[in-house]
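Counted the way the working numbering counts, the sequence shown spans residues 569 to 800.
Glycine is no exception: its CB is placed at the ideal position from the N, C-alpha and C atoms.
Here is the structure we will look at, set down as structure tokens.
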Amino acid sequence: MLQNTETEALWSLIEVIDAAGAVGWVLACMALSALVVTFYKVIVFWRSGLWQTKALKQARAHLRQGEITQAVHTLENLHHPAVQLVTLGVKRAQTEGLDDKTLETEMEQLSLGVLERLKSGIRFIGAVAALSPLMGLLGTVLGMIDAFRQMEAAGNQVDPAILSGGIWLALLTTAIGLVVAIPTTAAQIWLNSVIQKTTRRLEETGTAVMTGLHLRNLKTNTVNNTVNLAAE
């Protein structure tokens with residue numbers, strides 16, 4: 569029974585799209601493409617560990633205390649892009665003669681590359697959100713032109729039912745365009761909010777890495793000075 573209902577609903581949807589003509593099918597393809605890209609981005613975000621924030625906060629706390637080893641241990645099973653910043657910072661810190669400015673530049677370039685990969689596809693979703701209402705409006709204008717053309721051809725024999733039916737079909741494309749645009753816009757806003765939060769976490773992690781390295785070096789220098797004084 570439920571399967572029959574779902575089948576009927578699917579056929580009803582197809583009939584509505586088909587009634588809207590070529591513009592209706594174009595909008596349907598745009599909606600399907602945006603849906604596929606949205607699900608793909610959600611999977612990419614999930615596999616990238618963008619919602620694994622608890623361990624990342626703990627790692628940043630360790631870094632701000634200069635506890636590099638503990639921070640690395642906390643991030644062992646984490647897939648968040650910020651882990652790459654910590655790994656880069658620790659490795660580059662072992663390079664002799666590497667100044668803070670160079671390290672900051674390398675971490676910034678790494679962050680920009682990560683964010684660019686995460687943003688890919690979102691522009692397409694935004695394009696669908698922006699263009700679908702315009703496509704719907706185009707379908708309405710074309711439908712209205714056709715309706716008035718039929719009215720002109722009928723002359724004094726105009727049938728109001730035919731005219732109203734043509735206008736109804738013309739307005740249908742606008743409705744479909746809005747139905748596509750509203751959820752697509754919502755998806756774009758949500759995906760961009762995830763990117764913004766990730767950007768902020770990358771910035772905070774980069775700052776924490778620099779702080780942690782400075783504190784570790786300070787502790788190391790303090791210990792060395794103490795040992796030297798004791799030896800004297």
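For residue 608, which residues from the same chain have a beta carbon less than 8 Å from its beta carbon, with the 5 sequence-adjacent residues on both sides left out? As a position in the sequence shown, residue 608 is number 40, starting the count at 1. Answer for residue 608: 689, listed in chain order.
State yes or no: is the beta carbon of residue 680 nearer than 8 Å to at least one beta carbon in chain B? Looking at the structure shown, chain B is missing, and only one protein chain is on hand.
Decide if residue 604 is buried, meaning its Cβ has at least 16 other Cβ atoms within 10 Å, or exposed. Stepping through the sequence shown from its first residue, residue 604 is reached at position 36. Looking at its Cβ environment, which holds fewer than 16 other Cβ atoms inside 10 Å, residue 604 is exposed.
How is residue 588 classed by DSSP in three states: helix, strand or coil? Reading the sequence shown from its first residue, position 20 is the one you call residue 588. Here residue 588 sits in coil by DSSP.
By the DSSP assignment, the alpha helix (DSSP H) with residue 672 in it spans what residues? The sequence position of residue 672 within the sequence shown is 104, counting from 1. 668-687 is the extent of the alpha helix (DSSP H) around residue 672.
Residue 595 versus 682, 684, 741, 681, residue with shortest Cα-Cα distance: Taking the first residue of the sequence shown as 1, we reach residue 595 at position 27. That would be 741, whose Cα lies nearest to the Cα of residue 595.
Whole alpha helix (DSSP H) runs in the stretch 619-671 with 4 or more residues, listed along the chain? 622-632, 636-642, 650-661
Find out if the Cβ-Cβ distance for the pair residue 602, residue 737 is shorter than 8 Å. As a first step, residue 602 is located in the sequence shown; it is residue number 34 there, counting from the start. As a first step, residue 737 is located in the sequence shown; it is residue number 169 there, counting from the start. In this structure, residue 737 does not lie closer than 8 Å to residue 602 by Cβ.
Please state whether the Cβ-Cβ distance between residue 621 and residue 686 is less than 8 Å. Walking along the sequence shown from the start, residue 621 turns up at place 53. Walking along the sequence shown from the start, residue 686 turns up at place 118. No. Outside cutoff.
Look at residue 653 and residue 773 and say whether their C-beta atoms are less than 8 Å apart. The residue you call residue 653 lines up with position 85 of the sequence shown. The residue you call residue 773 lines up with position 205 of the sequence shown. Result yes, Cβ atoms of residue 653 and residue 773 sit closer than 8 Å.
Buried or exposed, going by whether 16 or more other CB atoms sit within 10 Å of the CB of residue 580? Locating residue 580 in the sequence shown gives position 12, counting from the first residue. So residue 580 counts as exposed.
Would you grab the beta carbon distance between residue 678 and residue 591 for me? Rounded to a whole angstrom, and I think it's under 8 Å. Position 110 of the sequence shown, counted from the first residue, corresponds to residue 678. Position 23 of the sequence shown, counted from the first residue, corresponds to residue 591. In fact, because the Cβ distance is near 44 Å, the residues do not count as touching under 8 Å.
Of all the options 691, 757, 643, 635, which has the alpha carbon lying nearest to the alpha carbon of residue 783? In the sequence shown, residue 783 corresponds to position 215, counting from 1. Residue 635 is the option with its Cα nearest to residue 783.
Go through its chain and collect everything with a Cβ distance to residue 735's Cβ below 8 Å, but skip five positions before and after it. Within the sequence shown, the letter at position 167 stands for residue 735. For residue 735, where only same-chain residues beyond five positions count, the Cβ hits under 8 Å are 711, 712, 715.
Please name the residue, chosen from 777, 669, 770, that lies closest to residue 649 on a Cα-to-Cα basis. If you number the sequence shown from 1, residue 649 lands on position 81. Closest by alpha carbon: 770.
Separation of residue 628 from residue 658, as counted between CA atoms: Counting from one through the sequence shown, the residue named residue 658 turns up at place 90. Counting from one through the sequence shown, the residue named residue 628 turns up at place 60. Answer to the nearest angstrom: the Cα atoms are 14 Å apart.
Inter-residue Cα distance where the pair is residue 692 and residue 755: In the sequence shown, counting from the first residue as 1, residue 692 sits at position 124. In the sequence shown, counting from the first residue as 1, residue 755 sits at position 187. Each residue's Cα considered, the two are about 11 Å apart.
Applying the 10 Å Cβ sphere with the 16-neighbour rule, what's the burial state of residue 776? Translated into positions along the sequence shown, residue 776 becomes position 208. The residue in question, residue 776, is buried, as its Cβ has 16 or more Cβ neighbours within 10 Å.
Please tell me whether residue 694 and residue 744 are closer than 8 Å, where the distance is taken between their beta carbons. Taking the sequence shown and counting its residues from 1, one reaches residue 694 at position 126. Taking the sequence shown and counting its residues from 1, one reaches residue 744 at position 176. It is not a contact, given that the beta carbons lie outside the stated cut-off.
Assign residue 542 to one of three DSSP states: helix, strand, or coil. In the structure as shown, the chain begins at 569 and stops at 800. Residue 542 is therefore absent and cannot be evaluated.
If you run the structure through DSSP and keep just helix, strand and coil, what is residue 761? The count along the sequence shown starts at 1 and reaches residue 761 at position 193. Correct three-state label for residue 761: helix.
Length of the line joining the Cα atoms of residue 645 and residue 702: Residue mapping note: residue 645 aligns to position 77 of the sequence shown, counting from 1. Residue mapping note: residue 702 aligns to position 134 of the sequence shown, counting from 1. Residue 645 and residue 702: Cα-Cα distance of roughly 46 Å.
Once the 5 residues before and after residue 598 are set aside, which same chain residues still bring their CB inside 8 Å of it? Numbered from its first residue, the sequence shown carries residue 598 at position 30. Contacts found: 696, 699, 700, 703, 748.
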